[in-house]
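Residue numbers (our numbering), protein chains in the order written: chain A, 1 to 278; chain B, 279 to 633; chain C, 634 to 1139; chain D, 1140 to 1443; chain E, 1444 to 1706.
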Amino acid sequence: MTTPLVEVEDLSVGFDLPDGRVEAVRGVSFTLGRERLGIVGESGSGKSQTGRALLGLTAKNGTVTAKRLAFDGIDLLRASERERRALRGSRMTMVMQDPRYSLNPVMTVEQQIVEAYRAHRRVSRAEARDAALAMLQSVRIDQPQRVLALYPHELSGGMGQRVMIAMMLITGPELLIADEPTSALDVTVRGDVLRILDALVAERGMGLILISHDLELVASFCDCVLVMYAGRIVEELRADALHDAKHPYTRGLIGCLPRLDRDRHPLPVLDRDPAWAL
Amino acid sequence: MSLDQSALAARPERRGAAALGLLGGIAGFLLTLAITLLGLVVVTFVIGRVVPIDPVLAVVGDRASGDVYARVRAEMGLDLPLLEQFRIYLVKAVTGDFGRSVLTTNPVIDDIRTYFPATIELATLGTLIGTVIGIPLGVFAAVRSGSFLDQVVRIVGLVGYSVPIFWLGLMALLLFYARLDWVAGPGRLDIAYDYMVTPVTGMITVDALMQGQTEVFWNAVSHLVLPACLLGYFSLAYISRMTRALLLNELGQEYVITARVKGLSETRVIWRHALRNAAVPLLTVVVLSYATLLEGSVLTETVFAWPGIGSYITNSLQNADMNAVLGGTLVVGAAFVTLNLLSDLLYRLLDPRTR
Amino acid sequence: ATPKDTLVQAWMIDDIISLDPAEIFEISTTEIAGNTYERLIGYDLDDVSKIFGVVAESWTVSDDGKTITFKIREGRKFASGNPITAADVEFSLQRAVLLDKSPAFIINQFGITKDNVKTAIKATGDYTLDFTMDRPYAPSFALYALTSSVASVVDKKLVMEHEANGDFGYEWLKTHYAGSGPFTIRDWRANEVAVLERNPNYSGTPAPLARVIYRHIPETATQRILLEKGDVDIARNLGPEEIAAVSTNPDIKIQSAPKGTLYYLGLNQKNPELAKPEVREALKYLVDYEAIADTIMKNQASVHQAFLPKGFLGAVNDNPYKLDVDKAKALLAKAGLPDGFTVTMDVRSAQPITGVAEAIQSTFAKAGVKLEIIPGDGKQTLTKYRARTHDIYIGVWGPDYQDPHTNAQTFASNPDNKDDASSKTLAWRNAWPTPELGKEVDAAILERDPAKRAALYEAMQREVMADGPFVIMFQQTENAAERANVKGFIMGPSFDNNLATATSKE
Amino acid sequence: MAAASSLRLWLTTSEPRSRAQARLGGLYQGFRRLARNPTAMVGLAVVVLLVVVAAFAPLLATHSPTAGGDLRTERLLPPGPVFWLGTDDQARDINSRIIYGSRLTLAVVVLVTVIATPIGLAIGTISGYFGGWIDRILMRITDIFLAFPRLVLALAFVAALGPGIENAIIAIAITAWPPYARLARAETLTIRNSDFIHAVRLQGGSSARILLKHVVPLCLSSVTVRVTLDMAGIILTAAGLGFLGLGAQPPTPEWGTMIAQGRRFLIDQWWVAAMPGIAIFVVSLGFNLLGDGLRDVLDPRSVR
Amino acid sequence: MAETLLAIDDLRVTFGVGRLHVAAVEGVSLRLEAGESLGLVGESGSGKSTVLRAVTGLAPVAGGSIRLAGEPVRLPRGMDFYRTVQMVFQDPFASLHPRHTVDQILAEPLAIHRVADADARIVTALAEVGLGPSYRFRYPHQLSGGQRQRVAIARALVLRPRLVLLDEPTSALDASVQAEILNLLETLRRELGLSYVLVSHDLAVVAHLCERLVVMRRGRIVEETTADALRSGTVRDAYTREMLRASKGFTREPPAGSGLQPS
Ligand SMILES: Nc1ncnc2c1ncn2[C@@H]1O[C@H](COP(=O)(O)OP(=O)(O)OP(=O)(O)O)[C@@H](O)[C@H]1O
Ligand SMILES: Nc1ncnc2c1ncn2[C@@H]1O[C@H](COP(=O)(O)OP(=O)(O)OP(=O)(O)O)[C@@H](O)[C@H]1O
Ligand SMILES: [Mg+2]
Ligand SMILES: [Mg+2]
Ligand code: NI
């Protein structure tokens, strides 16, 4: 059997706060091959923290525990900070949620992409620049030459998101965690961005974790979906089986959306059962 | 201590101003300068009239006869109606004629040319020291916030805020000059080196270098070091605190995580990404602290027998030598406004969002 | 350390506002003038009554006592190399009167005004000069007046080269030098330094030192540190405790000399309480003269209660008043103020004045006199004093020249007590009319017999001591803390004779 | 014990029953947050100590703060059993003077806060809220004050008003407000366009109401923090004026003036200047630490 | 026929001068009958919020007219206006004063309009939005996003307005909370006879709450249609069609003629 790309077993992330401890992620387990995995759940359910724990970017006041946390067979829990840094950006990477805040406002697109590339490749600045150009082209940015010289605030939301993706993909990573890559975008731009990611998985055989709170979207995009609630995975399903979901939370999530094809008044609402969080 | 977060406060306004373009910027600057200076002229005039000091006394002394007193009073235009006095004062100030200082008998302009460079020298080195040490300290404190090191930096800074400067100054003199002999004593230069450089800029270090007098240069530096360190300590206290606060703020931003996601080293993340962003408001902090030092620190100047603009203005004020007060105040005010503009310009250079 | 041929003094010289002898009147400038200019005559520093010629070789007084004829020494030169002649002396004295700066009154008081100065002061030959007064004043009075710095002889040729708009070279001389003394003034930078250099053309014994530098060091602790470090040779402003501390240092010695300066309280007679004679007297019993002189003013002053300082002709040197709270209380009760009263005192924020004021405050309180101290900057308190809006003013008074008239006039003469009077003597400032005493003052200057003259002044002093609105307390002793290798620094009785002319360093 | 814990519950409940409970609960939460910060507690302790000492000065002082002892025997004595912190050049007990001086220090602190904070707040919020020419005029005035050498301005005010501690305090306050105005203005600029201010406007709230009830309270916290952090500077400026002879009237035991007078004895009779110096240091340190702690508690940005 | 509550004719709004000049709204006209609800959809930056702000007087009107119940609105808006029109903002975290309790927040409009029985009105208002009295003295930070939005709605309703402007009232909320708020808005509308103008970029939300909607793009109205037309997919404008398609989920093939199609 080939080793899966990512193995997570019983992952927990807790934060120490002045008022006590917050358990953000509690006993999450999953494995990921070279496929598309979606993670959905409401705000604060621990989606992002799961992704960050994988990359080793949990905030200072947080602690990560797990039975196993591995990337391509490498035990991430044992790896030194240096080893993890070598993995980060080159083999595993993450597209951050909002390009407006996630790009460095005082560095040009070129500086930021080149920096990402040269952090892992011993290449000249010019070579790195060429690679950046090619990368921007591959995420289908018009006039990549011009865009390279721009600062983040000069980019539109869609461009920024694509720059972000280009920057994270330039090293040809094997795992991409995309944290709500489209939440800042207009519905019409959203499709464009997702299609780019989709193509990369298909073409490069990359593993993709798509984090979102939009159940419908994730289901139509991914192979497999994890539903999180209060730091736990409450349900794991195949995307095509979404409408056969068993857990009341998942069912509630699907049901409570207003839909164009069904006019329901009033909308069904979610009755939270405290037992879900246990 | 008069430094403040107003450095940051000015941000939104400046962004707006930035949009007006360079030309508008210069015109705006000149207008601001003019208005500020006019304000200073008015305020100094009022001060001159309300201080309960007879300006004639500074000229004639206590023993003059009544006739001499009356004549000098008339010469000084003090018997004219107030409004008329103000008109003359204003016209003179506008035409750049600050008249003569009673105390030094020199044209005020000349005085400023000698006293202000002394202060600039001191303030510049002080700010340099404060910045070069303060920023790294602030960075370390931010990176290890909550740690022992952080507490140490904080206490060091707070001590800087809390200790009377004349106390610290005398103690430093006693230790580093009298006991340890590491630095030269009060004053700007050893008497042996006096007259060896001709004043051009008025800053002895600069003049000495320009004229190739390395020995004089080092002597001047050795005189400069102690008071500059002292002033540097005070700006360090402020700069390190602001650096810490600003950097902590930046370190909480998403783009820092992005940088880490890229696999960059922590050093690069902090110095190249976070600090580069913090540098934008930090610049204003440094410039403001510099501007404050340029006002001259009367107390430091007294302790170190430093002929700077601070004690010049204070001394003049105590003698109701209003020409000198006005000249000194205007120069300091103009320096303040100019520095503000400079920081605005640099701000635009550093922050692409304002271009 | 300082160079061997250079004397560096740490001193507060921020009072210098001009270097022109016709204008200078401040403590530091008079000292500088004393080292750099020569006058017609001088006096023996050890015995002030001995007068001798300097620029003048000799002088004679006319029979009517109104004209003094000076014979000028021949063959002497200014620093510029120009010879000193009667024309220079004539120019210098006329110039002082015509410029009419503050010290001009010293010459004016002999009836010499702008209008008659051309005839009153006249060179009658290359080396003779007539000085004509309106009345036959005591010759010593006139001669002492001519020892003051206003009578310094300036280099006419050099000065007139720099004349502009008929100002007699005033603008130029304010910051330059044109004299003939042992030193020349090389440079003065306000609030920083004054540099004197040996005059190569000096006609007397050349000064051993090549250079004398006054550094403006405003902080006394800084002066002390510099002195102990050896970066100055003399520190001039040390306080008593600092003096006591440095005197244990074998490298440092203390030199002191009594000066003519008096510390006194001026009691404004416009204040109804202070106008009562009993109150005036009571306050004189409420100062602990001895204790203050021994502690706060240690080595800085000695008790002295008459308006003429020790060493002056006719000075009264016994001190009848001491702290006597009971007597003071009795006097106050007699004045109808058995519980005392409240009164303010304007105090210049400078040591030792503030310390003395605080000590007085606490002894006044013992008799129920509540003294409120109003601190202020020097010019500020003085402004108030001259406007006669104070209650009590704690002041310092130094004689303008070595003749008793200078102090007699100010303490005992008030010809016009109106608010807009032109003569603002100390008696006027304290609103004390002196109808009788004023006449005595005027008479004394005409008395040509020294012994009789001395007696007149003695009487006046007793009178002021008993009834005057002045609580005269101390006479200043000036201190200089010197490095042990400094030899021959002279401290004379007046400010213009602290001389470095014979100083040398080992 | 039980009463205490039920009180805590009452205070910390997320469902307060009354306005008072909500307010007290808010205060308690703030205090809790402050209490968790050990350095802030040290600061608070110092400030409380200052208040206590000032309040009970007559009980704590062993000697008169103003009347001197025997000049010949009790002058400039080093710290000892009778005069714990030594005596000064007027033979007064330094300890007692420091104790009484705390009242003045407290007065300085309180008065400056009471004068400078409202001026700064008013000018800053009005300027930021209305913008336009009002803003330009007010900010120009602020800049003029800011561009004026501060100690000189204070000196000028003291000179004009006459010396004395009250006037010194007023002068300091008059020169202290511009930074607060700029801070308040910046704060106002960020909140004036926020939705909750729009909401009040949409309810028909007048500008005055918005400023007073909505904007000012929000700016107050950051300005308060700034003022607290500035306290050291303010005490030292008062000391600086004292140093220049324009502060308190002798023999008032003002700490700054005490140092200024003691500096003549700095090297040999070190205690004369050092003792009040230490007092200033401790108090300003206390205010600084407290200010740092308050920043965490009050800064609206940290309340999320 | 019902009276026309809100009539906007040829509204134009511009911001800034010179280089910064933007025409945020260019010639928008709409009409809203009493009791009716109108949706305003469009891409980000198309001027939806600006239209609402112009109505309330928070944005400068450069041209056109706004009439409320037949009367042209005045500047500044009078007290009557605020009693007729209220607004609910998008971000529940930003629209409540961070230092005021729910009680203070609700009392403010009553105090401004000097309403007598403030206490009772506050309790009623809270009950209306489904919050118990236990929420009355809480601070915003003690509330969840949905609860905050309820408070914001209560604040808008406490003066009993006839028209409520809703600027993306649910876009910051989770799907499950969104349903609760939408239900609440629906109930309130029915019970109090309110009119809504609802801004949203979610077609389904608009269709759920409004009968009629206008689609905006770049400051102009590109289409005016009904919820029924939306459901049946009979929309004319290409842009509207594209939005409709995108809101159905992810599709692998790019839509034909997409404006964002890279060349
Ligand atoms: N540094 C931190 N300190 C304390 N708590 C934290 C920290 N970072 C995250 N948390 C908490 O962890 C929990 C999970 O956060 P996470 O970011 O994973 O949520 P999410 O599912 O991504 O939500 P969203 O959809 O809003 O992004 C939240 O309750 C959050 O408050
Ligand atoms: N105060 C303002 N100053 C300058 N430009 C503004 C201002 N407010 C809005 N704009 C501009 O007006 C245009 C319309 O903005 P508006 O907020 O109405 O869009 P929107 O349709 O509500 O978008 P979103 O869906 O993102 O909320 C935008 O281009 C915006 O940048
Ligand atoms: Mg997230
Ligand atoms: Mg909007
Ligand atoms: Ni300050």
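Cβ atoms here follow ideal geometry from the backbone N, Cα and C, with glycine treated the same way.
Below-8 angstroms beta-carbon distance, residue i vs any chain B residue
i: D:S1144; result: no
Distance cut-off 7 angstroms: residue i Cβ against heavy atoms of ligand 1
i: B:V534; result: no
i: B:S634; result: This structure gives no information on residue 634 of chain B, because the portion of chain B shown stretches from 279 to 633.
Neighbour-count burial assignment, residue i, 16 or more Cβ in a 10 Å radius
i: C:Q1035; result: buried
i: B:L281; result: Its pLDDT being 36, under 50, B:L281 is placed unreliably by the model, and the measurement read from it follows with that caveat. Buried, because 16 or more other Cβ atoms sit within 10 Å of the Cβ of B:L281.
i: B:W549; result: exposed
i: B:Y473; result: exposed
i: D:V1248; result: buried
i: E:I1596; result: buried
i: C:G675; result: buried
i: C:S785; result: buried
i: A:K67; result: exposed
i: C:R848; result: buried
i: C:N798; result: exposed
Contact with chain A by residue i, beta-carbon distance below 8 angstroms
i: B:G416; result: no
i: B:L542; result: yes
Residue i Cβ short of 7 angstroms to ligand 4 heavy atom set
i: E:D1534; result: no
i: E:S1492; result: yes
i: E:D1610; result: yes
is_contact[residue i, chain E] using C-beta, thresh 8 angstroms
i: A:C256; result: yes
Check: residue i C-beta below 7 angstroms from any heavy atom of ligand 2
i: E:H1464; result: no
i: A:S124; result: no
Min CB distance residue i to chain C below 8 angstroms
i: B:T476; result: no
Cβ-heavy atom distance, residue i to ligand 3, below 7 angstroms
i: A:D179; result: yes
i: D:Q1446; result: Missing from the structure shown is residue 1446 of chain D; chain D here goes from 1140 to 1443 and no further.
Below-8 angstroms beta-carbon distance, residue i vs any chain D residue
i: C:P883; result: no
i: B:E573; result: yes
With a floor of 4 residues, list each alpha helix (DSSP H) that falls wholly inside the segment 1339 to 1419 of chain D, ordered by position along the chain. 1355 to 1382, 1394 to 1401
Give, in chain order, every unbroken run of the alpha helix (DSSP H) that is at least 4 residues long and sits entirely within the segment 83 to 129 of chain A. 99 to 102, 109 to 118
Is the segment 591 to 599 of chain B close to the segment 62 to 79 of chain A, with three or more CB pairs under 8 angstroms? no
Touching by the beta-carbon criterion (3+ pairs, under 8 angstroms), the segment 115 to 126 of chain A and the segment 559 to 572 of chain B: no
Flag this pair as touching only if the segment 1060 to 1068 of chain C and the segment 1015 to 1034 of chain C have three or more C-beta atom pairs under 8 angstroms; answer yes or no. yes
Any 3 or more C-beta pairs closer than 8 angstroms across the segment 1315 to 1324 of chain D and the segment 609 to 628 of chain B: no
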